[in-house]
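Undergrad: Residue numbering for the sequence shown follows the UniProt record's numbering, starting at 1 and increasing by one per position.
C-beta atoms are modelled at their ideal positions from N, C-alpha and C, and glycine is treated no differently.
I have a structure here, written as structure tokens, and I will follow up with some questions on it.
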Amino acid sequence: QVTLRAGAELDAHRVNQYALTLRAACPGEQEVTGQLYVQVTSEQALRCDALFASASGDVVRVLADVAPRAPLYVVLAQPLGGLTVSACCPVARSPRRNRSTPLTLTQRGLVLAPDSGFSPSKDTQTFRLEIDVMDRHGHNCSGAVTVEVLPSRRPHVTILEPQQDVTVLESVDPLEVITQVRASGDNVHYAILAPTSPALFTIDEVTGEIRSTRRLEVAHERLLVQAYNALQPADQATTTFHVTVQRTIRRAPSCVPALYVSQVRETVSPGSPLVTLRCTDPAGDEGSLRYALEGPSGSHFHMEGPQLKVNGTLDYDSEAMAAVGFQLTATVVVTAGEQPLRSTRVPVLVTVTPVNEFAPECPNGVIFTVPETAPFGSIVGRVTGTDRDHPLNSLEYSLEGGPSPSQPFSIDTHTGKIRVVGPLGPPRHASYQLTVRLTDTHNDLDPTKRRSCLCSVVVRLQAVPERAPLCNPEVQELRITAGTGSRQPVTRLACRGDPEGTTLSYAIVGGNEDGRFRLDGSILSYVPDGLAEPRTFVLLVEVWSGLGAPRPSTVLALVVHVTPRSTPVPPSTAARRTTLRKEPLVVRRTEMAWHPPAWFVAVLTVTGVLLLASLGCVARSLLCRPGLTAAFCSSCSRRVPSKPPLGESSWDAAVQSRGHEEQGRPPAGSLSLLSAQQPFDGRAQDPRTGRDYLFNTITGARRWI
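Shown next, in the form of structure tokens:
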């Protein structure tokens with residue numbers, strides 16, 4: 001019931017119509033929406049709308065997909081109160097509907113769409129209504145309205161697959177989805193038209209899923225399915241399904257080979273076939289077998305029917321191939337049937353073998369510099385070649401021509417290090433031009449297939465300025481006694497050249513005017529000539545290396561005291577050598593010691609005392625057992641109260657305790673004092689002897705009655 005709100009004022013000149021939208025819903029049902037139009041009229045003579053009352057009448061244009069019984073037009077007249085609207089009698093005898101139009105006219109003046117909606121058409125449909133309006137006073141007016149129905153702009157219902165053949169197995173469960181109808185359009189619903197009473201299948205009117213109603217048997221069924229617009233039932237389409245129920249075949253296909261293992265060179269071209277599987281279906285339908293690849297390396301292969309082919313380049317030298325150990329694994333899945341699927345898996349293992357594709361490459365501009373005085377075994381430099389084949393840079397190095405006086409070098413086969421193996425040339429030989437051969441290894445399955453290249457290496461000699469020999473000491477004081485003979489050794493000069501091993505030359509350049517001293521290499525000798533008195537000689541000895549000039553040299557000073565044999569000499573006749581005083585050598589030794597803090601020593605001491613006390617108590621408790629001396633046991637019994645053995649009664653325990661009490665019973669006064677301090681507040685009977693006794697509930701003391 002719709003009522004006018006209290007206090008509301010209606011003004012037909014300002015607002016002459018109200019459109020109310022009403023929604024109603026019952027519990028568990030879908031909400032329904034409707035509209036109520038309230039017209040406000042003024043108290044005046046009946047007057048129809050000018051456009052409606054004109055000769056041509058009013059025109060309304062609507063789409064063909066408008067909802068059934070949707071309001072299309074409302075007749076407006078002033079005033080509105082108590083109006084009666086009907087179609088003109090000359091056009092139709094019925095007061096509510098024209099004979100030539102599907103439109104509906106209500107007594108309220110609403111023109112409604114047909115009950116089943118407009119029929120879809122590609123052309124414009126036109127319907128005309130001539131309407132009479134009469135008020136309660138008998139005044140009337142008339143007019144006409146033309147409804148033009150335009151073609152719908154919405155897509156028509158179209159089934160995507162007009163006809164389908166569906167095969168299912170007899171083992172399908174009830175209410176299991178068999179197939180699904182798919183259609184395009186608005187508000188699409190589905191229904192089975194034939195057979196009218198389907199016994200085996202049902203369809204979901206919203207999703208279009210066709211399900212079985214029970215467990216199927218071997219049969220053939222034809223279904224006629226309709227898809228339609230729920231708001232425009234005339235917009236519809238149909239399709240036919242042929243459902244065939246087959247027997248269940250549970251055996252999977254069999255394939256030869258059941259396992260495929262092979263080796264493939266990395267240069268195999270993409271698309272090359274590896275193996276062709278020969279598979280058979282127990283159902284006898286080999287043409288329906290489906291082949292698919294799965295597994296971590298499935299991307300390297302693809303299936304063309306039963307044939308396994310290489311999908312791309314198998315690069316043995318890539319990091320990805322090395323990560324999988326140069327072995328590609330996949331599984332060929334051979335499937336037959338529909339539901340349930342029957343499948344067989346064929347494992348595939350393909351090992352990629354290397355191919356020596358690339359030659360080694362030399363480094364750019366290899367130039368080394370070495371001192372011209374470099375000793376034997378000195379490292380000149382290292383040649384580092386590259387090779388893109390896996391394993392990367394697996395090379396062997398060799399020197400063309402080998403070591404020789406004109407090429408005093410050698411090269412390490414594995415590392416490429418160049419070393420000096422002979423004396424280097426004179427200063428005029430400024431550099432050496434070496435040719436190094438790089439040969440790859442382990443880059444091909446066939447070890448004889450190797451590649452090599454030649455690299456040019458320049459070794460430049462660096463001139464080293466000559467240094468004076470080093471002698472220790474440079475000043476010596478020697479004492480000798482003149483003997484007999486042709487020569488008398490005096491000393492050996494300790495000198496060395498730089499670099500080590502350089503040949504040195506010696507010569508006396510001063511202080512040997514009489515020719516009494518001779519040098520044989522580094523050995524200084526004295527030539528006796530009958531010296532009568534002691535004499536001191538100061539000799540200057542020059543030491544140098546090399547043959548050129550100028551030559552760096554070192555001059556040694558030797559002070560030689562020669563004493564004739566008849567002259568008293570000190571006890572020692574051996575030559576004394578005076579050397580420079582050496583600095584004292586200081587030797588330091590570090591001793592490790594641990595000094596724990598005081599708290600740690602205290603904790604360790606207390607722990608030891610407690611451990612010893614615990615061990616003493618344990619030993620005392622072990623020694624205090626039956627069979628030991630009475631004195632020791634009595635002392636133990638005074639300290640440790642005895643417990644009755646398992647199974648003895650309270651009476652036996654009392655007798656034993658009484659015997660101990662008699663040995664050390666206190667005076668009577670003390671017993672009375674104990675009884676006064678611990679009164680017995682309970683009485684009980686011993687279950688074994690039947691005697692009554694008193695007991696204290698706090699201390700547990702007992703007394704027999």
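With a threshold of 6 Å on Cβ separation, who are the neighbours of Asp-65 within its own chain once the five nearest residues in sequence on each side are excluded?
TA: Residue mapping note: residue 65 aligns to position 65 of the sequence shown, counting from 1. Result list for Asp-65: Ser-152, Arg-154, Gln-232, in chain order.
Undergrad: How big is the Cα-Cα spacing for Ser-456 and Leu-478?
TA: Along the sequence shown, one-based indexing puts residue 456 at 456. Along the sequence shown, one-based indexing puts residue 478 at 478. Roughly 59 Å separates the two Cα atoms.
Undergrad: Using the Cβ count rule (16 or more neighbours within 10 Å means buried), how would you classify Glu-648?
TA: Start at 1 with the first residue of the sequence shown, and residue 648 comes out as number 648. Bear in mind that the predicted position of Glu-648 carries a pLDDT of just 40, short of 50, making it too unreliable to give a figure here.
Undergrad: Any contact of the stretch 364–382 with the stretch 293–307, i.e. 3+ C-beta pairs under 8 Å?
TA: no
Undergrad: Verify whether the separation of the beta carbon atoms of Val-559 and Val-541 is less than 8 Å.
TA: Here residue 559 refers to the residue found at position 559 of the sequence shown. Here residue 541 refers to the residue found at position 541 of the sequence shown. No, they are not a contact pair.
Undergrad: Restricting to Cα atoms, I'd like to know which of Ala-219, Thr-554, Leu-395, Gly-530 is closest to Glu-474.
TA: By 1-based counting over the sequence shown, the position of residue 474 is 474. Selected option, being the one with the closest Cα: Thr-554.
Undergrad: According to the neighbour-count rule (16 or more other Cβ atoms, all chains shown, within 10 Å of its Cβ), is His-242 buried or exposed?
TA: Along the sequence shown, read from residue 1 onward, the residue named residue 242 stands at position 242. With fewer than 16 other Cβ atoms within 10 Å, it is exposed.
Undergrad: Please classify His-595 as buried or exposed, where buried requires at least 16 neighbouring CB atoms within 10 angstroms.
TA: Taking the sequence shown and counting its residues from 1, the one referred to as residue 595 is at position 595. That one is exposed.
Undergrad: Identify whether His-300 lies in helix, strand or coil by the three-state DSSP scheme.
TA: Taking the sequence shown and counting its residues from 1, the one referred to as residue 300 is at position 300. Residue state, collapsed to three classes: helix.
Undergrad: Buried or exposed for Glu-9, please, with buried defined as at least 16 other CB atoms from any protein chain shown within 10 angstroms of its CB.
TA: Locating residue 9 in the sequence shown gives position 9, where the first residue counts as 1. Per the 10 Å Cβ criterion, exposed.
Undergrad: Quick one: grab the DSSP three-state call for Leu-308.
TA: The residue given as residue 308 occupies position 308 in the sequence shown. Correct three-state label for Leu-308: strand.
Undergrad: Would you decide whether Val-509 is buried or exposed? Buried here means 16 or more other CB atoms lie within 10 Å of its CB.
TA: The sequence position of residue 509 within the sequence shown is 509, counting from 1. Looking at its Cβ environment, which holds fewer than 16 other Cβ atoms inside 10 Å, Val-509 is exposed.
Undergrad: Tell me which residue opens and which closes the alpha helix (DSSP H) that Thr-335 is part of.
TA: Position 335 of the sequence shown, counting from 1, holds the residue named residue 335. Premise fails: Thr-335 lies in the beta strand (DSSP E), 327–336, not in any alpha helix (DSSP H).
Undergrad: I'd like the ranges of any beta strand (DSSP E) spanning at least 3 consecutive residues and lying wholly in the stretch 15–44.
TA: Fully enclosed beta strand (DSSP E) runs of 3 or longer: 17–24, 32–39.
Undergrad: How big is the Cα-Cα spacing for Val-133 and Pro-120?
TA: The sequence position of residue 133 within the sequence shown is 133, counting from 1. The sequence position of residue 120 within the sequence shown is 120, counting from 1. Counting only the Cα atoms, Pro-120 lies some 32 Å from Val-133.
Undergrad: Roughly how far, in whole angstroms, is the beta-carbon of Arg-496 from the beta-carbon of Leu-524, given that I think they are within contact range, below 8 Å?
TA: As a position in the sequence shown, residue 496 is number 496, starting the count at 1. As a position in the sequence shown, residue 524 is number 524, starting the count at 1. Actually they are not in contact, since the Cβ atoms of Arg-496 and Leu-524 sit about 17 Å apart, beyond 8 Å.
Undergrad: Per DSSP, which one or two residues make a beta bridge with Arg-451?
TA: Position 451 of the sequence shown, counting from 1, holds the residue named residue 451. According to DSSP, Arg-451 bridges with nothing at all.
Undergrad: How do the stretch 285–293 and the stretch 330–347 stand: do at least 3 beta-carbon pairs fall below 8 Å, yes or no?
TA: yes
Undergrad: Ile-418 to Pro-403, Cα distance in whole Å?
TA: To locate residue 418, count along the sequence shown from 1; it is residue 418. To locate residue 403, count along the sequence shown from 1; it is residue 403. In a straight line, the C-alpha of Ile-418 is about 11 Å away from that of Pro-403.
Undergrad: In the DSSP assignment, find the unbroken beta strand (DSSP E) run with Leu-76 in it and report its ends.
TA: Your numbering for residue 76 matches position 76 in the sequence shown. Per DSSP, Leu-76 belongs to no beta strand (DSSP E) and is neither H nor E.
Undergrad: Looking at the secondary structure, which residues open and close the beta strand (DSSP E) in which Thr-689 lies?
TA: The count along the sequence shown starts at 1 and reaches residue 689 at position 689. From DSSP, Thr-689 is part of no beta strand (DSSP E); its letter is neither H nor E.
Undergrad: Using a Cβ-Cβ cut-off of 7 Å (strictly less than) and excluding sequence neighbours within five positions of residue 706, which residues of its own chain qualify?
TA: No information on residue 706 is available, as it lies outside the stretch 1 to 705 that the chain covers here.
Undergrad: Can you list, in chain order, the residues of its chain with a C-beta nearer than 7 Å to that of Thr-472? Leave out the 5 residues immediately preceding and following it.
TA: Sequence index remark: in the sequence shown, residue 472 carries index 472 (1-based). Position check: residue 472 holds Asn in this sequence, whereas Thr was assumed. Taken in chain order, the residues that qualify are Ala-494.
Undergrad: Going by DSSP in three states, Leu-615 sits in which element: helix, strand or coil?
TA: If you number the sequence shown from 1, residue 615 lands on position 615. If DSSP states are grouped into helix, strand and coil, Leu-615 belongs with the helices.
Undergrad: With a CB to CB cut of under 8 Å and the five nearest residues on each side skipped, what residues in its chain are close to Ala-532?
TA: Position 532 of the sequence shown, counted from the first residue, corresponds to residue 532. Cβ neighbours of Ala-532 beyond the five flanking positions: Pro-564.
Undergrad: Which residues in the same chain have their Cβ closer than 6 Å to the Cβ of Gln-125, if we skip the five residues on either side of it in sequence?
TA: As a working note, residue 125 is residue 125 in the sequence shown. So the list reads Val-149, once near-sequence residues are dropped.
Undergrad: Assign Thr-607 to one of three DSSP states: helix, strand, or coil.
TA: Indexing the sequence shown from 1 puts residue 607 at position 607. It is helical.
Undergrad: Output yes or no for whether 8 Å exceeds the beta carbon distance between Gly-530 and Tyr-506.
TA: Locating residue 530 in the sequence shown gives position 530, counting from the first residue. Locating residue 506 in the sequence shown gives position 506, counting from the first residue. In this structure, Tyr-506 does not lie closer than 8 Å to Gly-530 by Cβ.
Undergrad: Using DSSP bridges, identify the partner residues of Cys-624.
TA: Taking the sequence shown and counting its residues from 1, the one referred to as residue 624 is at position 624. None, per the DSSP bridge assignment.
Undergrad: Skipping 5 residues on each side, what residues in its chain have a beta carbon closer than 8 Å to that of Phe-368?
TA: As a position in the sequence shown, residue 368 is number 368, starting the count at 1. Excluding residues within five positions, the ones whose Cβ falls inside 8 Å are Val-380, Gly-381, Ile-418, Val-457, Val-458, Val-459, Arg-460.
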